[in-house]
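Mind the numbering: the sequence shown is residues -18 to 336 in our numbering, read in order.
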Amino acid sequence: MFYKQFLEIIDILNPEFVENFDYWLATLPTNNQKNITASVVSARLEVSYSQAEIILKYAEKQKILEKYYQVKCPDCDYNLESLSKNEIAEVLINSVYCDYCEEDKHISMDDIYIAYKVIQKPDVSEEKIAEAIEKRLNRGGGTESNFSKADSLSNKKEFLYESFYNPDESAYENFGNLRSKLDLDYGENRTAKGTVLEQLILKIFNQIKYVSGTNDVKTKTNQFDCTLLCRITTSYPSVFNYLEPYFIVECKNEPKKKPNNTYTNKLESILDTNDAKLGIVFGRKDATKTCFSISHDHYLLNKRSEKQQIIITCCDKDLDYLIDKRVNLLCYLEYKIFQITANASSVTYEMFMKS
Ligand SMILES: [Zn+2]
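Have a look at this one:
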């Protein structure tokens, strides 16, 4: 073995494959030590795509390889940019200039590919590697493109959600601090008590990239606790299509009271008269059962109309998922919306999680 790390998995995966991969990786010429994709490994080493993925992920964990995201021009296939995960959202929103086509290109998930580069040299000397290459010299691979559609992010929704919502440690710390203030004694100052929940909710939702919110929208007839503008849409069904062009959250920091249908009714009448498709009642205790059935009825009523309308209700339990379990907010919203559209209030988030 050139990389001793692979000894650990030799009995778990097919030993011949692991040995071949180890050899292949160690002897790659320098200019081929990047743009390594699962389809390349699968083709060169004649294994299934998923096996190739497993060994690449393992090598990444062992810090032999580093993962990155390669953006290709949708028209000419030119390699435009290599990105880290944090940079993906920006590229999807703004266009990228292709030097070859000489114009700005709109990038979709189809044009972004998962690739790896070698960041750790094997544990053996150059001579040993040269020797090994000598032995196998006639086995060389072709020069066809490394990237196949299977390597792209196309329609990988979870990935899209991770690119747009990925709070860092300090953000989570912030969430925790604000949550700990929800039950402080605010005396008669009900506004202060209400505001702290609004601030927490806004903090959480503002972590979605290209979503920006405020606590200060007043219309002629209403004042909204949180109004969030969303600039993202996708050509396939995704939660963003419910969030755009904006959505509204009503917060009720009442630790002992279940939000009742007054709140859902109010949100319904708001959605009836503006462009928002999604309204959220964020209380502390689970909303009453009637809220759920009203929301489902309202969804059915507008299902065939030009604009869908969904009201969801959230409470402390949902904050536990978002803050303590660090569940992705976009995945979580998708689950909450599903509960309403499927009329399945007892469905749990865990049922959606992949093991
Ligand atoms: Zn191009």
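Cβ coordinates follow ideal geometry from the N, Cα and C atoms, glycine included. What you are looking at is a predicted structure, and each value in this text was computed from that prediction instead of being measured.
- Closest in C-alpha terms to Thr245, from the list Thr176, Gly264, Arg160 and Asp132, comes Gly264.
- The three-state reading of DSSP puts Cys312 in helix, counting H, G and I together.
- Assigned with DSSP and collapsed to three states, Ser63 falls in strand.
- Per the coordinates, the alpha-carbon of Asp91 lies some 15 Å from the alpha-carbon of Tyr142.
- Taking the Cβ of Asp56 as the reference point, at least one heavy atom of ligand 1 falls within a distance shorter than 7 Å.
- For the pair Asn127 and Asp3, the Cα-to-Cα distance works out to about 18 Å.
- Runs of the beta strand (DSSP E) lying entirely within the segment -1 to 59, each at least 3 residues long, are 46 to 53 in chain order.
- In this structure the segment 69 to 85 does not touch the segment 95 to 113; the number of beta carbon pairs closer than 8 Å is below three.
- Remark: three or more beta-carbon pairs, one from each stretch, lie closer than 8 Å, so the segment 4 to 13 and the segment 98 to 113 are flagged as touching.
- Relative to ligand 1, Tyr81 has its C-beta within less than 7 Å of a heavy atom.
- The criterion of a C-beta distance shorter than 8 Å is not satisfied by Glu235 and Leu248.
- A straight line joining the alpha-carbon of Asn196 with that of Ile251 spans about 16 Å.
- Of the candidates Asn242, Ile(-10) and Asp299, the residue whose Cα lies closest to the Cα of Ile182 is Asp299.
- Secondary structure in the segment 167 to 243: the beta strand (DSSP E) runs of 3 residues or longer, each lying completely within the stretch, are 192 to 195, 207 to 211 and 227 to 232 in chain order.
- Linking Glu34 to Gln14 through their CA atoms gives a straight-line distance of about 17 Å.
- The shortest CA-to-CA distance from Lys237 to any of Ser65, Val22 and Ala268 is the one to Ala268.
- Using a Cβ distance threshold of 8 Å, Leu310 and Tyr146 count as a contacting pair.
- Looking from the CA of Gln320, the closest CA among Cys272, Lys288, Asp297 and Ile304 belongs to Cys272.
- Residues of the same chain with a CB within less than 6 Å of the CB of Arg212, apart from the 5 flanking positions on each side, are Tyr191 in chain order.
- Beyond the five residues adjoining it in sequence on each side, Asn136 comes within less than 7 Å, by CB distance, of Met90 and Tyr217 in the same chain, given in chain order.
- Note that the C-beta distance between Gln289 and Lys258 is below 8 Å.
- Membership of Gly157 in the alpha helix (DSSP H) is indicated by the continuous run Glu150 to Ser161.
- Judged by DSSP secondary structure, Phe263 falls outside any alpha helix (DSSP H) and instead within the beta strand (DSSP E) spanning Leu259 to Phe263.
- The C-alpha of Ile114 lies about 37 Å from the C-alpha of Asp80.
- Considering only Ser161, Lys(-15) and Leu61, the residue with the shortest C-alpha distance to Ile304 is Ser161.
- Taking 8 Å as the cut-off, the beta carbon of Ile88 is found no closer than this to the beta carbon of Tyr50.
- Within 7 Å of the C-beta of Lys317 there is not a single heavy atom belonging to ligand 1.
- Per DSSP, reduced to three states, the secondary structure at Glu83 is coil, with no helix or strand assignment.
- Taking the Cα positions, Glu68 is about 21 Å away from Lys44.
- Counting only the Cα atoms, Ser29 lies some 58 Å from Thr200.
- Short of 8 Å from the beta carbon of Asn1, and not among the five residues preceding or following it, lie these beta carbons of its own chain, in chain order: Leu26.
- Judged by the Cβ position, Lys86 qualifies as a neighbour of ligand 1 at the 7 Å threshold, a heavy atom of the ligand being closer than this.
- In terms of side-chain proximity, the C-beta atom of Tyr59 is found nearer than 7 Å to a non-hydrogen atom of ligand 1.
- Within the segment 256 to 302, complete beta strand (DSSP E) segments of at least 3 residues are found at 259 to 263 and 291 to 295, given in chain order.
- With 16 or more other Cβ atoms inside 10 Å of its own Cβ, Ala70 counts as buried.
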